[in-house]
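Numbering (our numbering), first residue to last: 3 to 97.
Built from N, CA and C at the ideal position, the CB exists for glycine as well.
For clarity, every value in this text was computed on a predicted model and none was experimentally measured.
The block underneath contains the structure these notes are about, expressed in structure tokens.
Laid out in structure tokens, this is it:
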């Protein structure tokens with residue numbers, strides 16, 4: 003075991019930088035998780051997929067996209083949507 007003698011300022015700076023780094027990493031992973039668990043409206047999904055809102059509604063009716071209806075709003079989970087897109091891509095290349 004080594005004993006290191008440092009100045010108070012150096013120790014404060016070391017602790018501060020390590021805490022900032024840890025917090026930055028924590029919040030970046032938290033934002034990514036929140037982004038994936040985000041629910042999208044039909045309009046947002048249409049923008050995300052680069053198609054019209056009517057096309058998204060037709061995909062929902064056909065069962066290609068899974069959606070939840072809460073009152074009059076139709077919400078699509080972004081994580082499930084991206085999983086569906088991965089399935090479609092894999093089927094496309096299997097042919």
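Where the alpha helix (DSSP H) through residue i begins and ends
| i | result |
| --- | --- |
| residue 56 | 55–64 |
| residue 47 | 44–51 |
Boundaries of the beta strand (DSSP E) in which residue i is found, first to last residue
| i | result |
| --- | --- |
| residue 7 | It is not in any beta strand (DSSP E) - residue 7 carries neither H nor E in the DSSP assignment. |
| residue 71 | 70–72 |
| residue 67 | That residue, residue 67, is in no beta strand (DSSP E); it is neither H nor E in DSSP. |
Selection from the options that minimises the alpha carbon distance to residue i
| i | options | result |
| --- | --- | --- |
| residue 67 | 87, 73 and 54 | 87 |
* To do: Spell out a yes or no on whether the region 49–66 and the region 11–23 are touching, meaning 3 or more CB-CB pairs, one atom from each, closer than 8 Å.
  => no
* the region 26–45 touching the region 64–83, judged by at least three CB pairs closer than 8 Å -> yes
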